[in-house]
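Engineer:
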Amino acid sequence: MSLSLPSSCRVVVIGGGVIGTSVAYHLSKLGWTDLVLLEQGKLSGGTTWHAAGLVGQLRATRSGTRLVQYSTQLYSELCDEVGLDTGFKRCGGVTVARTRDRMVQLERTAATAEAYDLECEIISAARAAELYPIMQIEDLVGGIWLPGDGTANPTDLTSALARGARLRGARVVEGARVVGMSRTASTVTGVEVQIGEDRVQVECEVVVNCAGQWAKAVGALCDVTVPLHSAEHFYAVTDQIAGVHRDLPILRDPDGYTYFKEEVGGLVVGGFEPHAKPWVAPDAIPYPFEFQLLNEDWDQFSILMSNALHRIPALQHTGIKKLYNGPESFTPDNQFLLGPAPGVTNFYLGAGFNSVGIASAGGAGRALAEWIVNGEPTTDLSTVDIRRFAGFNGNNQWLHDRVGEVLGLHYEVPWPNRELSTARPFRRSPIHHLLSEAGAVFGSKMGWERPNFFAAGAEAKALDYTWDKPDWLRFSAAEQVATRTGVAVFDQTSFGKLLVVGPDAEAALQWLCAGDVAVPAGRAVYTPILNDRGGYLADVTVTRLAADRYLLVTGAGSVVSDCAYLTENIPTGLNAQVVDVSSAYAVFGVMGPKARALLQTLTRTNLDNESYRFSDSREIDLGYATVRATRITYVGELGWELYVPSEFAVGVYEQLTEAGTAYGLLPAGYYAINSLRLEKGYRAFGSDLTPDDSPVEAGLLFATKLDSSIDFRGRAALAALRQIGARRRLVSFVADDPEVMMWGGELLMRDGVAAGQVTSAAWGATLGASVGLGYVQGVDGAVVDVDYLDSGSYEIAVGAQRCPVTVSRRAPYDPTSARVRD
C-alpha cells in the first residue's frame, strides 16, 4: 500500500527490505510515528525476497547473540500483533564436522553457548543422523545441535513488520526512489524523492539508510562513505525428497561450504564458496532491479553442488527446480553496518548484513531504533558500528577484491589469528620496507600492515593456523624475552592520533574523559571515555602539549569513532576542535630494561628516573630528528613511545636499529605486545573493555576522577555502579598446565559452573603458560567481591577439555609495577 508523501516528517527510512521495515517498526513502537519509509520498488523486492531465511541464534559475541535471540522471539509473536504470519518455525539446527579442527571449533562453540545460557549439545555423528536421517555420516567426526534455531519467510516477515509500523501511524510508500539529499555542514535536512515523473522534497530530522546493496549509492548522496560491495550468491531449490518434512532441522556442513533447509518437501541447497564472485561496483547496480536475479552460473555453484551430493545422497536422483543467483552486499570484515555516520549527526546506517539479515533484522532494527531515540546504544554494538571504517574503505576496487574472500569466511574455520589476505597491502608504515627486510610477518588492522612477529633468518614468512601452539610462537617468545630482559622496538604507527585544540580544550576533555586531564603540559593521563551508562566508549592516553592543546592516542580501529564522538559531544559553547593527525606521525615503542641506555646514546636529553618520570612527555632530540618521547608502556617494562614526524621515521628507525646492536635490540610484533600486556594485566578496548563494561567491573576506578568534585559524562552511572557493587569482575588468570594454549573466547568456570568468558588470552613466555583476562559473573546477580573471587576454584574450557587456572585480582607479572617506574 502506498500513501502520498508529506512535505516534512521526523524520520525518513530508506529501503523497504527486512532491515528497513524492522527499523520503522521499532521506531514507531518507541513512539516515533511521524515516520515515512520509502521503497524504490515494492517491499522486499531488493535482496530480502531471495534470502534463504535461516535464523541461527549463536553469534561470536554476547551482544550479537542477544540480537538474534530477540529476533526469534519477535518473529514468533509478531503474527498475534499484526495479523500476518512471518513463516517463522523453530526446527533446530545441526552443524557437522568432517575434521578434528572443525570439531574443536564446534566444541568451543558449545562452550560459548553455555557462557551465553543458550541451549547447545555436542553430538556424535550417529546422533546427527538421527536428527537428520537423509544425510550420510561416514566421514563425520561429530557435530552440535542447537534446538532453538529456525527459519522465517523473508517476504512475509517484511510485510508483517511494515504492517506493524503502519498500525502505529508510520507511512510506507512504495515506488519512491531517493535521488538526492540536502544537508548543512553536519546535518541532513531533507531528501529528494522521485515518484513516477514527479520529484518531491521531504524535509526531515533524521534519515536512516537501510537501502541494502544500494546503501553505498544512497550514502554518496550526502557524502557518506558506506563500505559495501555486492557479490553473486547462490542456492538451488530441489524437487520433493522422501524423508524431508516440514520440521526437518537446518543442516550446516561448513567443511563442505553448504547448508540445507526444508522447503515444500524439498531442500534449499546453498552455501558460501571459498572464492566468491563479486558483482558490479555499487555505483553501477542497474535500476530498476526489483525481484530480479542474475544469470545461472553452474560452474561457480559446482563446488557447493558436489559437496551437497556427497552429504545428501538422495540429491543424486532429485531434480532441481531452480538455481537462484541473487546479488547481495558484503562488508570488508564480514560484520554489518549500524549506527550514525561519522560527520553527519542525523544520518544512520543499517545495511551490509552479509547473509545474516533475516536472523539479525529483529534485533538490529530494535538496537538501531533505540540508538536513534536515546542518542546512544543500549548494548555493545562496537563490532558493527559503521565508524570502525574510514573514507578510504569506500574504494570500489579495494572492495571488489576483498568481497570475494569475505563471503567465504562464513564457513571457514574461524581461526583465532585469522588474517584476511585479499586487497593487501593497503596502508603501510613509513618503515614497512625495513620491517619486511627484517623478516616481519604482517597482520592487518584498520588497513594498516602491522608486524605480528619477525621470522628469523630464512624461515618461511607465513602464519600457520591451529588451535594448539603455533610454529610462530617461538619467534614471539623470543621477542617477549628480549622485551623483559633487554630491549625491543615495536612499530606502533597504526595508533590513532587526535589533536584536541582550542582555548576550551581542557574543559571539553574534562567533561568527555573520566580521568583528570587538568595536568601540566608535558604529562600523559590514562583515562576512560564513558557512555551515559558508565560503560567504555574508549580507552585512551591523553597528553597535554600546551595550555590549549592535547594529543589523544587511541587504538587503530577506534580513531574514526573516537574522532566523531569527541567532535559531536564537545559541550555547546566551548571552543575546541578535534583534528585527526594519525598519518602525520610514526610511533616506535622502545621497551625493556635497556631502553634508557639505548636511547641515551642518541639524545642529549637526560633520561634518568628523576629527570624523566613515568608519564612525562617531551620533545627531545634523537639524532638529527626532533621527536615527542612519552615515557609510558603497554608491555609492563621501562620504555618510551616515540612520536616521529613521518618524514623522519626511516632515519630514526635506522638510528635505533644501528645503535641497538650493542644492546641486543630485537624488532618485535603485536603478538608479543598482546602476551606481554596480558602478563601485566593491561586491558584492551574491544575485548576486555566494551560499552557494556564499566571501570567498576574492569578494576580501573583508579583511572577516573570519581572521588573528585569534577563532573564528567557517565559519572552518575559510575557512582551508582560503585555503590551497588560489581556483579561481575575482570580478573587475570594463568593456566596451571604450560602445554595448554588459550586464545580468548573460552568459557570460564567457577566451582564447575559457567561463570563468564575469557576476553583475551595468549601464551606468556615470562610465565611459561597461557595467561589472560576474563569476567567472573556472580551467581544470580550476587556481588563479586574479594571473598567471592578468592573462595572459588576455576577452570577454563579449552574445546572439550577443562583446564585448571589460577585466578588473581592483581597482575600475574610485576604486580607492584616496580619495573615500569624504575
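Be aware that the sequence shown starts at 61, since it is given in our numbering, and climbs by one per residue. The beta-carbon is built from N, C-alpha and C at its ideal position, and this holds for glycine as well.
Give the secondary structure of G816 by DSSP, where H, G and I count as helix, E and B as strand, and everything else as coil.
Structural biologist: Here G816 sits in strand by DSSP.
Engineer: Give me whichever residues DSSP pairs with K557 in a beta bridge.
Structural biologist: Per DSSP, V613.
Engineer: Provide the residue(s) that pair with P338 in DSSP beta bridges, ordered along the chain.
Structural biologist: In DSSP, P338 forms a bridge with A291.
Engineer: In angstroms with no decimal places, state the Cα-to-Cα distance between Q783 and Y835.
Structural biologist: Roughly 19 Å between the two C-alpha positions.
Engineer: In this structure, does DSSP put Q892 in helix, strand or coil?
Structural biologist: Residue 892 lies beyond the stretch modelled for the chain, which goes from 61 to 882, so this question has no answer here.
Engineer: If distances are taken between C-alpha atoms only, which option among W532, Q117, T247 and Q261 comes closest to W205?
Structural biologist: Of the listed residues, the one whose Cα sits closest to W205 is Q117.
Engineer: In whole angstroms, give me the CA-to-CA distance for A763 and F648.
Structural biologist: Straight-line Cα distance between these residues: approximately 25 Å.
Engineer: With distances taken Cα to Cα, identify the nearest neighbour of E739 among L95, T826 and G683.
Structural biologist: It is T826.
Engineer: Among residues of its own chain, excluding the 5 on either side of R447, which ones have a beta-carbon nearer than 7 Å to its beta-carbon?
Structural biologist: Cβ within range, chain order: G399, P402, V620, S621 and A624.
Engineer: According to the Cβ coordinates, are V329 and T298 closer than 8 Å?
Structural biologist: Contact: yes.
Engineer: Can F745 and A598 be called in contact, C-beta distance under 8 Å?
Structural biologist: Going by C-beta atoms, F745 is nearer than 8 Å to A598.
Engineer: Is there contact here, the stretch 559-575 with the stretch 636-648, by at least three beta-carbon pairs under 8 Å?
Structural biologist: Result yes; three or more Cβ-Cβ pairs closer than 8 Å.
Engineer: In its own chain, which residues sit with a C-beta less than 8 Å from the C-beta of V577, not counting the 5 before and 5 after it?
Structural biologist: Excluding sequence neighbours, V577 sits near E566, L569, Q570, V585, T587, V602, R604 and Y610.
Engineer: Just verifying my parser: in three-state terms, what is the DSSP assignment at V473?
Structural biologist: Here V473 sits in coil by DSSP.
Engineer: Can you list, in chain order, the residues of its chain with a C-beta nearer than 6 Å to that of M241? Leave out the 5 residues immediately preceding and following it.
Structural biologist: Excluding residues within five positions, the ones whose Cβ falls inside 6 Å are V248, V251, L281 and C282.
Engineer: Apart from the five residues just before and just after S643, which ones in its own chain have a Cβ nearer than 8 Å to its Cβ?
Structural biologist: S706, listed in sequence order.
Engineer: Under the assumption that G409 contacts A427 (Cβ atoms under 8 Å), give the Cβ distance between them as a whole number of angstroms.
Structural biologist: Reading off the sequence shown, one finds Leu at residue 409, where the question assumed Gly. Contact doesn't hold; Cβ gap of about 12 Å is too wide.
Engineer: Indicate the three-state DSSP secondary structure (helix, strand or coil) for R448 in the structure shown.
Structural biologist: R448: helix per DSSP, three-state reduction.
Engineer: Please list the terminal residues of the continuous alpha helix (DSSP H) segment that includes V128.
Structural biologist: That run of the alpha helix (DSSP H) goes R122 to V142.
Engineer: Does DSSP put E679 in a helix, in a strand, or in coil?
Structural biologist: Note: E679 maps to strand in three-state DSSP.
Engineer: Between which residues of its own chain and R223 is the CB-CB distance below 8 Å, once the five residues before and five after are set aside?
Structural biologist: Counting only Cβ-Cβ distances below 8 Å, and skipping sequence neighbours, we find V142, G143 and L144.
Engineer: Just the C-alpha distance for L259 and S735, rounded to the nearest angstrom, thanks.
Structural biologist: Strictly speaking, residue 259 in this sequence is Arg, with Leu absent from that position. Looking at the two C-alpha atoms, the distance is approximately 59 Å.
Engineer: Quick one: which unbroken beta strand (DSSP E) runs of 3-plus residues sit fully inside the stretch 617-648? Chain order, please.
Structural biologist: Entirely contained in the stretch 617-648, the beta strand (DSSP E) runs reaching 3 residues are, in chain order, 637-640.
Engineer: Is Y713 helix, strand or coil when you go by DSSP?
Structural biologist: Helix at Y713.
Engineer: Less than 8 Å separating the beta-carbons of T895 and M651?
Structural biologist: Past the edges of the chain, shown from 61 to 882, lies residue 895, and the structure says nothing about it.
Engineer: For K276, which of helix, strand or coil comes out of DSSP?
Structural biologist: Helix, per DSSP.
Engineer: Who are the Cβ neighbours of Q196 in its own chain at under 7 Å, not counting the five residues just before and after it?
Structural biologist: These residues qualify, in order along the chain: R371 and P373.
Engineer: Check whether the stretch 431-439 and the stretch 449-468 are in contact - that is, three or more C-beta pairs closer than 8 Å.
Structural biologist: No, the stretch 431-439 is not in contact with the stretch 449-468.
Engineer: From H86 to G113, what distance separates their C-alpha atoms?
Structural biologist: Each residue's alpha carbon lies about 20 Å from the other.
Engineer: Beta-carbon separation of F407 and N269 under 8 Å?
Structural biologist: Going by C-beta atoms, F407 is nearer than 8 Å to N269.
Engineer: Quick check on this structure: which residue in G80, Y319 and R306 has the alpha carbon closest to the alpha carbon of A225?
Structural biologist: Answer by Cα proximity: G80.
Engineer: If we call anything under 8 Å between Cβ atoms a contact, is L533 one with W823?
Structural biologist: Yes, the pair counts as a contact, with Cβ atoms nearer than the cut-off.
Engineer: Exposed or buried, N666, counting other C-beta atoms within 10 Å across all chains shown (16 or more means buried)?
Structural biologist: So N666 counts as exposed.
Engineer: When the distance is taken between beta carbons, is P287 closer than 8 Å to L459?
Structural biologist: Taking 8 Å as the Cβ cut-off, L459 and P287 qualify as a contacting pair.
Engineer: By the three-class DSSP mapping on this structure, what secondary structure does W571 have?
Structural biologist: It is helical.
Engineer: Using DSSP's beta-bridge definition, name the partner residues of C863.
Structural biologist: Answer by DSSP bridge pairing, in chain order: I856.
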